[in-house]
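Chemist: Below you'll find the structure I mean.
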Amino acid sequence: MLRLLHIEFIKAFNFKALWYLFLIYILALGLILFGVETFINDVIGEGGRNLPITLPKMSLYAFPLVWHNVTYLSGFFKAFPAIMIIILVTNEYSYKTIKQQVISGLSRNELFFAKISLILATSVIMGLLVGLFGFILGILNTETLAFKTLFEKSQFILVYMFEVFAYCTFGFLIATLVKRSGFAIGVLLLWAYIAEPIINYKLPGNWGDYLPLQSIGNLIRIPNSQLMKIVGIEFQEYISSGDLMIALIYTLLFSSIVWVIYRRSDL
Amino acid sequence: MEILNINQLTKHYGKLTAVNKLNVSIEKGSIYGILGPNGSGKTTTLGMILNVIRPSAGTFTWFANTNQNVNRQKIGAIIETPIFYPYLSGQKNLEIFCRIKRIDNTDIERVLKIVDLYDRRKDTFKTYSLGMKQRLAIAGALLGEPEVLILDEPTNGLDPQGIAEIRNLIIAIAKQGLTIILASHLLDEVQKVCSHVLILKEGKMLISGKVDNILLEPNIFEIKVDEREKLHKLINNTPEITLVQEHNNLFIVNYKNQSNGQELNRFLFENGLVANHLQKQEKSLESYFLDIIEHA
Numbered sequence: 073m074l075r076l077l078h079i080e081f082i083k084a085f086n087f088k089a090l091w092y093l094f095l096i097y098i099l100a101l102g103l104i105l106f107g108v109e110t111f112i113n114d115v116i117g118e119g120g121r122n123l124p125i126t127l128p129k130m131s132l133y134a135f136p137l138v139w140h141n142v143t144y145l146s147g148f149f150k151a152f153p154a155i156m157i158i159i160l161v162t163n164e165y166s167y168k169t170i171k172q173q174v175i176s177g178l179s180r181n182e183l184f185f186a187k188i189s190l191i192l193a194t195s196v197i198m199g200l201l202v203g204l205f206g207f208i209l210g211i212l213n214t215e216t217l218a219f220k221t222l223f224e225k226s227q228f229i230l231v232y233m234f235e236v237f238a239y240c241t242f243g244f245l246i247a248t249l250v251k252r253s254g255f256a257i258g259v260l261l262l263w264a265y266i267a268e269p270i271i272n273y274k275l276p277g278n279w280g281d282y283l284p285l286q287s288i289g290n291l292i293r294i295p296n297s298q299l300m301k302i303v304g305i306e307f308q309e310y311i312s313s314g315d316l317m318i319a320l321i322y323t324l325l326f327s328s329i330v331w332v333i334y335r336r337s338d339l
Numbered sequence: 054m055e056i057l058n059i060n061q062l063t064k065h066y067g068k069l070t071a072v073n074k075l076n077v078s079i080e081k082g083s084i085y086g087i088l089g090p091n092g093s094g095k096t097t098t099l100g101m102i103l104n105v106i107r108p109s110a111g112t113f114t115w116f117a118n119t120n121q122n123v124n125r126q127k128i129g130a131i132i133e134t135p136i137f138y139p140y141l142s143g144q145k146n147l148e149i150f151c152r153i154k155r156i157d158n159t160d161i162e163r164v165l166k167i168v169d170l171y172d173r174r175k176d177t178f179k180t181y182s183l184g185m186k187q188r189l190a191i192a193g194a195l196l197g198e199p200e201v202l203i204l205d206e207p208t209n210g211l212d213p214q215g216i217a218e219i220r221n222l223i224i225a226i227a228k229q230g231l232t233i234i235l236a237s238h239l240l241d242e243v244q245k246v247c248s249h250v251l252i253l254k255e256g257k258m259l260i261s262g263k264v265d266n267i268l269l270e271p272n273i274f275e276i277k278v279d280e281r282e283k284l285h286k287l288i289n290n291t292p293e294i295t296l297v298q299e300h301n302n303l304f305i306v307n308y309k310n311q312s313n314g315q316e317l318n319r320f321l322f323e324n325g326l327v328a329n330h331l332q333k334q335e336k337s338l339e340s341y342f343l344d345i346i347e348h349a
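So the protein lines, in turn, are chains L and X. Each residue of the first sequence is one higher than the one before, starting from 73 at the first, in my numbering. Each residue of the second sequence is one higher than the one before, starting from 54 at the first, in my numbering.
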């Protein structure tokens, strides 16, 4: 597996477009994570001026709540790693290197697991990055730091890694079916931001929760805030095993389809 | 020792049969040419024995061994055009090959020096000329000192100088004892480089054997004599002479190993025949090859 990952790293590290995409991702994520609290507080401050009760200042980023909040917000940027994966997978088709790798001696299984290891590494890197942001924000925003509460809800980082992994296998599937980068990215964005939300809206009850990307997004649900509690809305504050199960089934399904394609197709 | 055995290998693309029940056996140390016009199934055949294309039927066995993963380490191959990551340097591209073949990066220097690309190793692949790209492909195939080298149209698209470079390189590599399988549509290339040849047409094998026997420069003569029957008898009793055609008393024969009309004339005379007409037909090997292809 490490040998396969090394092969993928040689390709990825030297590919400039990927670095630009990664930098944009870090900038966008940093901007949102660091900016959103100020923004919400400004809005609340403005709106709450004439209310009889004083709205509490939001603290999204105090330990241990920070872990839930940063991973939830970062969830909106999952398309970035998925696009990176799509580019790296479709590159193999446009350069015909997928064929060359088999000629050079890679088995069909290795071809598949090389990309799976790449997705795994990407998910871990993205998770660590969000974890780093979360840690910095936590330090900056917690009034009294206690070691006990520091990592209390940090399992959200692990789940975030899984969320990215699951989303990227969906990208992997699209890339394998479509084979061309621009087209594949288009299909991903179209499905993620237009087609699935419409289907979700049309489906009765909570059937929409079983749609692929919705279920992946459900892993980390919208966090509670003091504001919400005042209004009387309670959101799920934990990771449910049911959500995990649905996302896991989708991940296995996507990767199995790709595996079969990799095994069977003429290159 | 048998390196490769192909048994009834077949590939269908819809209604088209690209390769039709092919049987081949390749011995160690030979330079095996697969000769045929474009579209005759050469690349499809190589694709199948390299696991790139799934056969519709039939089997093939490398090194009399069924463990594909072990076998693949002993095979170096290039197919059609050189394929590499354009944004990576020659060196980096070969590092990927090394990881795939589970060998150390130190072998890169050796193969780059063989193909004379060592000085350009740090330049990205897209800056290479076509000849250099093809040489890098050969370097990649040579990594890890494989026992078999598969080359598909290695001189395709190259200028005369590049063609000469690649051919000399192949001959030099062959001298080190590697088994080489070379696909080409160029008769002259197979003739210059190969020891054995298989001629393919529309996915079927027409003929196979030693180049010296099959692609021998024919010596075609036209002969006219009064005593037809006597000539017939003589031809039948002389293995060096084969009758190609008989038309209106004009015999067209292939006199093997003798390009000289004088020799044939003397031979006829010694056997009591006097020719009214004796003429050497100037027929190139190329047209002879085309004849094989046409009349099969």
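Ideal placement from N, C-alpha and C gives every residue a C-beta, glycine not left out. Computed from a prediction, not measured in an experiment: that's the story for all the values here.
Please report how far the alpha carbon of LEU231 (chain X) lies from the alpha carbon of ILE98 (chain L), in whole angstroms.
Modeler: Roughly 52 Å between the two C-alpha positions.
Chemist: Leaving aside the five residues before and after THR70 (chain X) along the sequence, list all residues of the same chain whose C-beta is less than 6 Å from its C-beta, in chain order.
Modeler: Same-chain partners within the cutoff: GLY256.
Chemist: Give the straight-line distance between the Cα atoms of PHE183 (chain L) and ILE311 (chain L), rounded to the nearest whole angstrom.
Modeler: A quick correction: the sequence has Leu, not Phe, at residue 183 (chain L). Going from the Cα of LEU183 (chain L) to the Cα of ILE311 (chain L) covers about 33 Å.
Chemist: Taking only three categories from DSSP, how would you classify ASP338 (chain L)?
Modeler: Three-state DSSP puts ASP338 (chain L) in coil, outside helix and strand.
Chemist: Check HIS300 (chain X) in the structure and name its three-state DSSP category.
Modeler: Note: HIS300 (chain X) maps to strand in three-state DSSP.
Chemist: Below 7 Å, is the gap between the Cβ of PHE150 (chain X) and the nearest heavy atom of the ligand NAD?
Modeler: By its list of ligands, the structure shown contains no ligand whatsoever, and the ligand NAD lies outside what it can speak to.
Chemist: Quick one: using the 10 Å Cβ neighbour count with 16 as the cut-off for buried, is MET54 (chain X) buried or exposed?
Modeler: By the neighbour-count rule (16 or more Cβ atoms within 10 Å), MET54 (chain X) is not buried but exposed.
Chemist: According to DSSP, which residues form a beta bridge with THR143 (chain L)?
Modeler: In DSSP, THR143 (chain L) forms no bridge with anything.
Chemist: Beta carbons nearer than 7 Å to chain X: which residues of the region 164-190 of chain L have them?
Modeler: Answer in chain order: TYR167, LYS168, THR169, LYS171, GLN172, GLN173, VAL174, ILE175, SER176, GLY177, LEU178 and SER179.
Chemist: Taking the beta carbon of LYS274 (chain L) as the centre, do at least 16 other beta carbons fall within 10 Å, making it buried, or is it exposed?
Modeler: Exposed, by the Cβ-count rule.
Chemist: Comparing C-alpha positions only, which one of X:ILE153, X:GLU198 and X:ARG152 sits nearest to ILE167 (chain X)?
Modeler: That would be X:GLU198, whose Cα lies nearest to the Cα of ILE167 (chain X).
Chemist: At a Cβ cut of 9 Å, what residues of the region 154-169 of chain X count as close to chain L, listed as they run along the chain?
Modeler: Those residues of the region 154-169 of chain X that come within reach of chain L (Cβ to Cβ, closer than 9 Å) are LYS154 and ARG155.
Chemist: Under a Cβ-count criterion, where at least 16 other Cβ atoms within 10 Å of its own Cβ denotes burial, should ALA192 (chain X) be classed as buried or exposed?
Modeler: It is buried - the Cβ of ALA192 (chain X) has at least 16 other Cβ atoms within 10 Å.
Chemist: Note down, in chain order, every chain X residue with its Cβ under 9 Å from the Cβ of PHE94 (chain L).
Modeler: Residues of chain X passing the Cβ test: none, with the nearest at roughly 16 Å.
Chemist: Can you pull the chain L neighbours of LYS95 (chain X), defined as C-beta to C-beta under 8 Å?
Modeler: Going along chain L, no residue has its Cβ under 8 Å from LYS95 (chain X), so there is no contact; the nearest lies around 15 Å.
Chemist: Check this for me: beta carbons of GLN286 (chain L) and GLY280 (chain L), under 8 Å apart or not?
Modeler: Against a cut-off of 8 Å, the Cβ pair of GLY280 (chain L) and GLN286 (chain L) comes out as a contact.
Chemist: Can you tell me whether DSSP reads ILE260 (chain X) as helix, strand or coil?
Modeler: Reduced to three states, the DSSP call for ILE260 (chain X) is strand.
Chemist: Give me the chain X residues within the contact set of HIS78 (chain L), using Cβ-Cβ distance strictly less than 8 Å, ordered along the chain.
Modeler: Within 8 Å Cβ-Cβ: ARG152.
Chemist: State buried or exposed for ASP205 (chain X), treating a residue as buried only when at least 16 other CB atoms are found within 10 Å of its CB.
Modeler: Buried.
Chemist: State the DSSP-derived secondary structure class of GLU224 (chain L), mapped to helix, strand or coil.
Modeler: In the structure shown, GLU224 (chain L) sits in coil (DSSP, three-state: anything other than H, G, I, E or B).
Chemist: How big is the Cα-Cα spacing for GLU164 (chain L) and ILE170 (chain L)?
Modeler: Roughly 5 Å between the two C-alpha positions.
Chemist: Would GLY193 (chain X) count as contacting chain L if we go by Cβ distances under 8 Å?
Modeler: So yes, GLY193 (chain X) belongs to the interface.
Chemist: Assess contact between the region 151-168 of chain X and the region 184-192 of chain L, defined as three or more Cβ pairs (one per stretch) separated by less than 8 Å. Is contact present?
Modeler: Output reads no: the region 184-192 of chain L does not touch the region 151-168 of chain X.
Chemist: Which chain X residues are close to ASP338 (chain L), counting only those with a beta carbon under 8 Å from its beta carbon?
Modeler: In chain order: GLY100, VAL105, ILE106 and ARG107.
Chemist: Tell whether a beta-carbon distance below 8 Å holds between GLU275 (chain X) and GLN315 (chain X).
Modeler: Cβ distance not < 8 Å, so GLU275 (chain X) and GLN315 (chain X) don't count as in contact.
Chemist: Which one or two residues does DSSP pair with GLY129 (chain X) in a beta bridge?
Modeler: Note: GLY129 (chain X) sits in a beta bridge opposite X:LEU202.
Chemist: Straight-line CA distance for ILE79 (chain L) to PHE137 (chain X)?
Modeler: Between ILE79 (chain L) and PHE137 (chain X), the C-alpha separation is close to 13 Å.
Chemist: With the cut-off set at 8 Å, would you say LEU284 (chain X) and LEU326 (chain X) are in Cβ contact?
Modeler: The answer is yes: Cβ separation under 8 Å.
Chemist: Taking 8 Å as the limit between beta carbons, can you name the residues of its chain near MET258 (chain X), skipping five residues before and five after?
Modeler: Cβ neighbours of MET258 (chain X) beyond the five flanking positions: LEU75, ASN76, VAL77, LEU251 and ILE252.
Chemist: Less than 8 Å between the C-beta atoms of ASN104 (chain X) and TRP115 (chain X), yes or no?
Modeler: Contact: no.
Chemist: My assumption, with CB atoms under 8 Å, is that LEU57 (chain X) sits in contact with ILE79 (chain X). Please give the rounded CB distance.
Modeler: So it is a contact: roughly 4 Å between Cβ atoms.
Chemist: Which residue marks the beginning of the alpha helix (DSSP H) containing THR114 (chain X), and which one marks its end?
Modeler: No alpha helix (DSSP H) holds THR114 (chain X); the beta strand (DSSP E) holding it covers 110-115.
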